[in-house]
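Residues 784 to 993 (our numbering) are what the sequence shown spells out, left to right. Note that CB positions come from ideal geometry on N, CA and C, so glycine has one too. Just so you know, these numbers come straight off a predicted model, no measurement behind them. Read through the structure below, which is laid out as structure tokens, and then see the notes.
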Amino acid sequence: MDKEKVLPFEKFTERYENWFVKNKFAYWSELEAVGSLISEGVGLEVGVGTGRFAKPLGVQYGIDPSLQMLKIAKSLGIKAVKAVGEHIPFKNKTFDYCLMVTTICFLEDPKKALKEIYRVLKENGKVLIGFIDKNSPVGKFYLENKDKSPFYKVANFFSTEEITNLLKEVGFNNFKYKQTIFKFYTELKAVDKVKDGYGEGSFVVIRGEK
């Protein structure tokens, strides 16, 4: 993985963590949306970070290229190892589901990472991708202001259609969509609703099946 993309997460780990505290209603809304599609069984989070999603959702395994982030994830009991999505260090057909939350925008080769996820999933395994849709209000704001953020400066944003097409190309099907964050995340005064579909909420979760 490009060192430029890992460096902000190594250098600004505390700033990363503070976002979840400062924007707790957005974080909890995202958790609700992902949790509404999560599967049973043994799971892997690609881009586990500090375990902000894996821990509350019961995801047992994680990979991440940032050692600073992994330290925190490991302290929470997650079986986390240093690796990137394009080279997942697990055997074929290991997991019942794989999760990526706001990770796809930082990958060097998203399609290669999705192929790796497909490989490590069991038959009928599920992939869940949570992300900010680039065509949404928050997505447009991030795009316009990406140079002001050490994290998003190095990100490539996607639309729901673009990610769905990538998943189809790799072989996933039977898609389900959830969406949340219908206001700007700083304006939320409570956990936002989670709705089926996409096109309204800024945060979208796609679930596909192997």
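Reduced DSSP secondary structure (H/G/I, E/B, other) of residue i
| i | result |
| --- | --- |
| residue 904 | strand |
| residue 975 | coil |
| residue 835 | coil |
| residue 809 | helix |
| residue 981 | coil |
| residue 938 | coil |
| residue 867 | strand |
| residue 922 | helix |
| residue 911 | strand |
| residue 862 | strand |
| residue 916 | coil |
| residue 803 | helix |
First and last residue of the uninterrupted beta strand (DSSP E) at residue i
| i | result |
| --- | --- |
| residue 959 | 956-963 |
| residue 890 | Here residue 890 belongs to no beta strand (DSSP E), and DSSP marks it neither H nor E. |
| residue 821 | Here residue 821 belongs to no beta strand (DSSP E), and DSSP marks it neither H nor E. |
| residue 842 | From DSSP, residue 842 is part of no beta strand (DSSP E); its letter is neither H nor E. |
| residue 828 | 826-829 |
Nearest-angstrom Cα separation, counted from residue j out to residue i
| i | j | result |
| --- | --- | --- |
| residue 822 | residue 957 | 14 angstroms |
| residue 832 | residue 865 | 10 angstroms |
| residue 931 | residue 906 | 42 angstroms |
| residue 819 | residue 838 | 15 angstroms |
| residue 847 | residue 829 | 7 angstroms |
| residue 920 | residue 889 | 20 angstroms |
| residue 893 | residue 943 | 14 angstroms |
| residue 998 | residue 797 | Residue 998 lies beyond the residue range present for the chain, which begins at 784 and ends at 993; the question has no answer from this structure. |
Unbroken alpha helix (DSSP H) run spanning residue i, endpoints
| i | result |
| --- | --- |
| residue 993 | Residue 993 -> no alpha helix (DSSP H), and no H or E assigned at all. |
| residue 994 | This structure gives no information on residue 994, because the portion of the chain shown stretches from 784 to 993. |
| residue 948 | 943-953 |
Inter-residue CB distance, residue i and residue j (contact presumed, cutoff 8 angstroms)
| i | j | result |
| --- | --- | --- |
| residue 910 | residue 984 | Not really, about 20 angstroms apart at Cβ, beyond 8 angstroms. |
Below-9 angstroms beta-carbon distance, residue i vs any chain B residue
| i | result |
| --- | --- |
| residue 911 | This model lacks chain B altogether, as it is built from one protein chain only. |
Would you call the segment 904-915 in contact with the segment 880-894, where contact means no fewer than 3 C-beta pairs closer than 8 angstroms? Result yes; three or more Cβ-Cβ pairs closer than 8 angstroms.
Count Cβ pairs between the segment 805-812 and the segment 967-981 that sit closer than 8 angstroms; are there 3 or more? They touch, by the three-pair rule.
Between the segment 864-879 and the segment 889-899, are three or more C-beta pairs nearer than 8 angstroms? Touching, yes.
Take every Cβ of the segment 846-859, pair it with every Cβ of the segment 916-929, and state whether three or more of those distances are shorter than 8 angstroms. No, the segment 846-859 is not in contact with the segment 916-929.
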